[in-house]
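These notes concern the structure reproduced below.
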Amino acid sequence: MASRIYDCQVTDIVRRIMMIAWLLLLSLFSVSAQKGQDNGVLQCGPQNVKLNSMNQMLLLEWDDDPSCSALHDELIYELVVLIADQQVHYDEVTVPPDQILSTHSWNWTSYLSLECASHSVRLNSQYSNQRSPYTQQQALRKQSSKTYEVHPRDRVFAAGSTATFCCILPAGEHFDKMYLTGYDGTNISSTNISHQIYTLTLTLTHASSGCINVICKTNRTTYGACTYVGDPPGDKDLQCETRDLESVECHWIAGRKTLPGQWHQTYQLLGSSCADGVRGRCSKKTQVDAVERNWTLTVENVLGKVELHDRAALSHRVHMLAPEQVTASAVNARNVSLQWRWTVEHYYNLNVTCQVNISCGETYTITETFGVGLNVSVFNDLIPNWTYEVTVRCRTAQHSWKWGDWSRSVNFHTKGDVPEALDVWMQRKEKQTIIIWKKPEAYHSHGDIIDYEVTWANPRGSDGLVARVTVPHNNHSVALSLHTNEEHITVSARNIYGSSSPSTIIIPSLTPDRTRVSTSRIIGANRTFYLSWPVSPLASCGFIVDWCPSIRQDTVDWVKVPPNKTSVSIYSRDFKDGLRYLLSIYACTQGAPVLLEMREGYVSETRIKDGLFKTLKYKQQGSDVEMSWDPIPLREQTAFIQGYTFYYQDGSNMAFKESTDDPEATSLTARHLKITSYTFTVTALTAVGECGNTSISATLNYPTDKMITEVVVALGVVFCGLVLAIIFCYRHWACIKHKVYPPIPKPVLTDKWLTSPSEHTVCDPHVDKSHHSEAHTVDTVEVDYKFRLPQSSYISQEDMPFVHTQTPKGYYNEPLKMCCPPPITVPTSHVSPHFRVGFPNLSYNSFMQPEGQQCSLGPGFQQAMIRCSGGYQPQSSSESFTEEPPDSPMSCVSAYILLPQAPST
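FYI, in mature numbering (1 follows the signal peptide of the UniProt record, and there is no 0) the residues of the sequence shown are -33 to -1, 1 to 872.
Here you go:
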């Protein structure tokens, strides 16, 4: 009993002790809480914090402390991200009251790969300006198997994003540089995190077509990593329809594929995978009705996701399949019947519209037919003997969503028929008329042409006969010699199916009509002539324009223009640049065609070759030079000649020119040139510039032609004057002789002077007695001198009397071998002092003159005087006597003597 009481007491004591302990603990807890509240430390905070990573993403999860349940307002968590113990990011997470005590999560993608540096996150809570202590979680740094690497490796970045690559250096190596190969980024910068970790940051502006190498270079090693730049899905424009009325088929525009195969995109239509998504189409079995539905396509890749939507009722969007087994069941010359069948049975119940495309060569015709379950069609207006290609497609007539696919093409050949009417024209050549027709094309001949038949007749003729000629199939013209009046020509073609309807042309009369029509110039372009002309009331059935080269008589080509058109563009592959063409415009009438206008020109003017002037030559006329050439033939003119330029250049390279705007000119003249060497060049002026240069070199001569002409003219005048003088002298010789050489009277001696024979005798055995010589003995000193002066006297230039002597032929300047005796002294008592007589005497060589006067000789006679001591010269057979005034000197002539004056005593 006592023991039981003891046990109860002990148990009671233990209970009291435990109660006291709990009370103490509660007191301590409240005290500590009170102290925490007093210090601003929040007891509500995170717990069960977990930090995970994926690639470069940090994922943080945590729970609320149970004490947070007492909070009635929102709770804020603060997060701080550190890389290599450096804060790089701050974030907050707000927890509303209804989510307290739940699990919270947060993620952040680092700009730096986790292999490059350590990443850690600090987390604490904040409530009413109170913060809980920080809880720090560190992500484990991924260790590399190599001592040196570049990160990230094989990573995909979106175009336009910013990427940071790091280079981890092994110990002992020094960083040199980092760079990219095969890619140009922007905003490139390089930094270092530590002595062994360097980073390269840049903006990736565009998607790459493959791997981009990021290179890190040290003082010893070069290494790198591969990365990719791509785009998120760029698919757009979803359209859904039905083709077989049992399923839906959707199409869209696929985006550009920028990522390699390991990062392919995925496609889902209404949650179902699409096998052909990369081709931009996806199909799925579904019910087709008139109810509108939403159709959603999801496209996703590593860089993003996109959803495309479309809303439609499939019964309104029937895209029909192509018809099958198209055949030409009945083929005739100008029509055909086509049949086909449908592979989808539902199509036979649809009201459809079908297009049939019938093509022949480069031309085609599309016709439409309608019907329910249409599968047959007939086509008319086909070309006989022609091959066609046919395809068919259809669509629903009610909603007309889309044209279906074209069927496979089917070929068929129509049957032949008679040829169509020929296109006939005419051409005049000299006195013949050429009837021309165009070779029928295959779609006009409707079979092989056998021959042509040409008939003609003069409707005004009296005989009414019709001429006929057959032309082989390979000829397309015939030359006819027609009458001057209008004639009707008909031409028809024949094949195995028959003859064509005849084509008729009326040939105008042979009177030329081209002279009354002016010709204007025309310039084409791109092998085409563009012509227009005024409306003509004569053109009842249209116009005809023909053309041919101007320098050759080639067969003309032509085109016919309807009456409502007054312009045409003429193109021909046969047109040649630099060749002049003649184009004529005719009015088509009920009778013969009427010429309206003519044009001449080039489709394109070209430069004329050098050496154009084949016969270039020059002509000097004094100081002028005329350059001339022959007219330029048309075959040498590859452009219209608008004039000519004449260049001349001397040895000092001074160039001058003369020019003309006359295209018909054949010469140019350069005036007042210097006498030197020149280079003459003549060029033709055209729209493409100066061309056809032709040069010659020449040296100009002094202008002697004028001098020679003047000399010749002067000689002619002198000759004519001499002839006239001779004629005059011949006819009046007697008068002239009397006037010029009058008879001279002989002196009459009245007294015998010079009595001494030995002293006064002159002996001259050489004197010719027939010339009135006075070599005789003078017997008297008294001289009875009778004379008369000539009617016309001659005066010298010095105004001295002119005494003319005439010497007989054969005696002039012949010296005498005999000695001349001394002069005879004659008394002067019988001579008048005022009168001087001079007469020839072979015995004297002195003069008789008045006392005290000297003999004065004129300058013209002094040189001709010959003294006796030097020899003898016979005097003239005529004498001249001159009466002088007393105070003037007297002329002395060596052939005359004067009676000497007696010596004074």
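Yeah, the Cβ is synthetic: ideal placement off N, Cα and C, and Gly gets one too.
Taking the alpha-carbon positions, what's the residue i to residue j distance?
| i | j | result |
| --- | --- | --- |
| residue 567 | residue 551 | 9 Å |
| residue 221 | residue 243 | 11 Å |
| residue 627 | residue 608 | 11 Å |
| residue 182 | residue 91 | 41 Å |
| residue 682 | residue 708 | 30 Å |
| residue 197 | residue 230 | 10 Å |
| residue 210 | residue 17 | 55 Å |
| residue 635 | residue 498 | 37 Å |
| residue 591 | residue 637 | 6 Å |
| residue 598 | residue 582 | 9 Å |
| residue 12 | residue 102 | 9 Å |
| residue 543 | residue 225 | 53 Å |
| residue 657 | residue 456 | 49 Å |
| residue 187 | residue 128 | 32 Å |
| residue 166 | residue 189 | 15 Å |
| residue 503 | residue 510 | 9 Å |
| residue 58 | residue 164 | 27 Å |
| residue 409 | residue 466 | 15 Å |
| residue 487 | residue 562 | 14 Å |
| residue 421 | residue 501 | 34 Å |
| residue 213 | residue 329 | 39 Å |
| residue 99 | residue 118 | 37 Å |
| residue 904 | residue 650 | The displayed coordinates of the chain run from -33 to 872. Any statement about residue 904 would go beyond what the structure contains. |
| residue 307 | residue 267 | 44 Å |
| residue 366 | residue 208 | 13 Å |
| residue 688 | residue 589 | 30 Å |
| residue 9 | residue 35 | 9 Å |
| residue 223 | residue 22 | 26 Å |
| residue 548 | residue 526 | 15 Å |
Using DSSP with H/G/I as helix, E/B as strand and the rest coil, what is residue i?
| i | result |
| --- | --- |
| residue 17 | strand |
| residue -30 | Caution is warranted here: a pLDDT of 49 is assigned to residue -30, below 50, making its placement in the model unreliable, and the coordinate value is therefore given only provisionally. In this structure, residue -30 counts as helix in the three-state DSSP scheme. |
| residue 516 | strand |
| residue 559 | coil |
| residue 56 | strand |
| residue 11 | coil |
| residue 67 | coil |
| residue 883 | Given that the chain is displayed from residue -33 to residue 872, the structure contains no residue 883 and the question cannot be resolved. |
| residue 689 | helix |
| residue 352 | coil |
| residue 338 | strand |
| residue 484 | coil |
| residue 531 | coil |
| residue 508 | coil |
| residue 669 | coil |
| residue 798 | Below a pLDDT of 50, predicted positions are generally treated as unreliable, and residue 798, at 40, falls in that range; no measurement from the model is reported. |
Go to residue i, then tell me how far its alpha helix (DSSP H) extends in each direction, as first and last residue.
| i | result |
| --- | --- |
| residue 874 | The structure shown does not extend to residue 874, since the chain is modelled only from -33 through 872, so no value can be given for it. |
| residue 218 | Segment 214 to 220 is the beta strand (DSSP E) holding residue 218; no alpha helix (DSSP H) there. |
| residue 411 | 409 to 412 |
Per the DSSP calculation, residue i is bridged to which residue(s)?
| i | result |
| --- | --- |
| residue 180 | 148, 193 |
| residue 439 | 418 |
| residue 358 | 324 |
| residue 133 | 118, 166 |
So the beta strand (DSSP E) residue i belongs to, where does it begin and stop?
| i | result |
| --- | --- |
| residue 118 | 116 to 118 |
| residue 657 | 656 to 666 |
| residue 28 | 24 to 31 |
| residue 208 | 203 to 208 |
| residue 551 | 548 to 554 |
| residue 433 | Taken as a continuous stretch (DSSP letters only), residue 433 belongs to no beta strand (DSSP E), as it is neither H nor E. |
| residue 524 | 524 to 528 |
| residue 124 | 122 to 125 |
| residue 159 | 153 to 159 |
| residue 873 | Because the chain here runs from -33 to 872, residue 873 falls outside it and cannot be looked at. |
| residue 649 | 644 to 653 |
Within the stretch 588 to 615, ranges of the beta strand (DSSP E) (whole runs, at least 3 residues): 591 to 595
Any beta strand (DSSP E) of 3 or more consecutive residues that is wholly inside the stretch 228 to 311: 233 to 236, 248 to 252, 260 to 268, 271 to 279, 291 to 298, 303 to 308
Contiguous beta strand (DSSP E) assignments of at least 3 residues, all confined to the stretch 372 to 410: 377 to 380, 391 to 396, 399 to 404
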